[in-house]
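K.L.:
For reference, the structure I am asking about is given below.
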Amino acid sequence: MILQYSILFLLLVNYCVADNPCIYYFPQGVINLTTIGLVNSQPRFKDVRIIIPSEQYKYSYNPCYSFTERGCQNVAACQS
Ligand SMILES: *[C@@H]1O[C@H](CO)[C@@H](O)[C@H](O)[C@H]1NC(C)=O
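In terms of the numbering used here, the sequence shown opens at residue 72 and continues consecutively.
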């Protein structure tokens, strides 16, 4: 499950065309994240590790609504 979210996250970060942080338009269709984002200032995906041998960072991400954790204030994504 975590790996699937990591892959989705990478796809979104690298390949999407977005005019709104909640809705991503691809040639194959639309990904609508409106109901996935938490509205309580917490990240939906917290401290996710990307499966790359040299990767030492963790990532948190919340679609649509900003969150705050550690040194990241009012952000959509946080690297730590
Ligand atoms: C995205 O999802 C929300 C909540 O279900 C809905 O209100 C909105 O119309 C959707 N937008 C698009 C472009 O699909």
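Cβ atoms here follow ideal geometry from the backbone N, Cα and C, with glycine treated the same way.
Just so it is clear, the structure is predicted and the values come from calculations on it, not from any experiment.
(1) Between the segment 91–103 and the segment 111–119, do three or more beta carbon pairs fall short of 8 Å?
(2) Could you tell me the distance, in whole angstroms, from the CA atom of ILE122 to the CA atom of CYS149?
(3) Quick one: residues with CB closer than 6 Å to any heavy atom of ligand 1, in chain order, please.
(4) Which same chain residues end up closer than 8 Å to VAL101 when comparing Cβ atoms and leaving out the 5 residues on each side of it in sequence?
(5) Is it buried or exposed for PRO98, if we count other Cβ within 10 angstroms and need 16 for buried?
P.N.:
Concretely, from the data shown:
(1) no
(2) 17 Å
(3) ILE94, VAL101, ASN103, THR105 and THR106
(4) ILE94 and TYR95
(5) exposed
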